[in-house]
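Chemist: For the sequence shown, the working numbering begins at -2 and goes up steadily by one.
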Amino acid sequence: NTEQERQLGVVQRSGEHLLSIINDLLDLAKIESGRVELVLEQVDCVQAVASVVGAMQPLAIAKGLTLTSLAPSTPVFVPADARALGQILINLVNNAIKFTDIGGITVDVDSDADGAQRITVSDTGAGIPSEGLSRIFEAFERGARVDSGRHEGTGLGLSICQKLGELMHATITVDSSVGVGSTFAVVFAPQAS
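#1: Measuring straight from C-alpha to C-alpha, what distance separates P126 and G176?
#2: Would you check if the stretch 66 to 73 and the stretch 90 to 97 touch, i.e. whether three or more CB-CB distances between them fall below 8 Å?
#3: Going along the chain, which residues of its own chain have a beta-carbon closer than 8 Å to the beta-carbon of S179, five neighbours each way excluded?
#4: Taking only the alpha-carbon atoms, compute the straight-line gap between I133 and L155 and give it to the nearest angstrom.
#5: Going by alpha carbons, who is nearest to V49 out of G112, M165 and D105?
#6: How about G6 and L62: are their beta carbons less than 8 Å apart?
#7: For Q114, tell me which candidate among A57, V43 and A52 has the shortest Cα-Cα distance.
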């Protein structure tokens, strides 16, 4: 009946949330024990972004948000592990969708003047208070977002992203304004010719 279906839905969502927590803890444990082996090769950022945006589009649409990609029409290669880069981008885009109620998310691939390659994920969400920015990449940090109390999560995703980025010699930065939104960037240093 309807009540049983509702209760089964609650059980299913709870099970999925628990599985997510377990997977995050296992990922973090593997990274911190040095047992994560990444294979750095030339990965096309444009293709990685297109794949993630395509996969996350239904989630954005379900919330009434736009999810767009701004990327060159030609490949942009960076030395990365394709799976790890995908995991970082999925986490950043998923967070942007989760913490945005109106507007949208833009994923951009570009280069700095010094030749560094950058993938940015920008949202029009609630933003992160300045006092929370210094802790945003710490494990189990959930309180930094203005509206984090409304959202499930372990507070491990950004910590895992930062650690995977470090293993690929990339940095992840954040810029945020309360009431305006947040921009996370994955930055790969210029490659030697």
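For each residue, glycine too, the CB sits at the ideal point set by N, CA and C.
Modeler: If we stick to the structure as given:
#1: In the sequence shown, counting from the first residue as 1, residue 126 sits at position 129. In the sequence shown, counting from the first residue as 1, residue 176 sits at position 179. Cα to Cα, the separation comes out at about 9 Å.
#2: no
#3: As a first step, residue 179 must be located in the sequence shown, where it is residue number 182. Excluding positions up to five away in sequence, the list reads A93, F96, S119, D120, G122, G124, I125, V171, D172 and S173.
#4: For this step, residue 133 is matched to residue 136 along the sequence shown. For this step, residue 155 is matched to residue 158 along the sequence shown. Taking the straight line from one Cα to the other gives about 7 Å.
#5: Residue mapping note: residue 49 aligns to position 52 of the sequence shown, counting from 1. Closest option to V49, Cα to Cα, is D105.
#6: Here residue 6 corresponds to residue number 9 of the sequence shown, with the count starting at 1. Here residue 62 corresponds to residue number 65 of the sequence shown, with the count starting at 1. Taking a C-beta distance under 8 Å as the contact criterion, G6 and L62 do not qualify as a contact pair.
#7: If you number the sequence shown from 1, residue 114 lands on position 117. Taking only the C-alpha atoms, the option nearest Q114 is V43.
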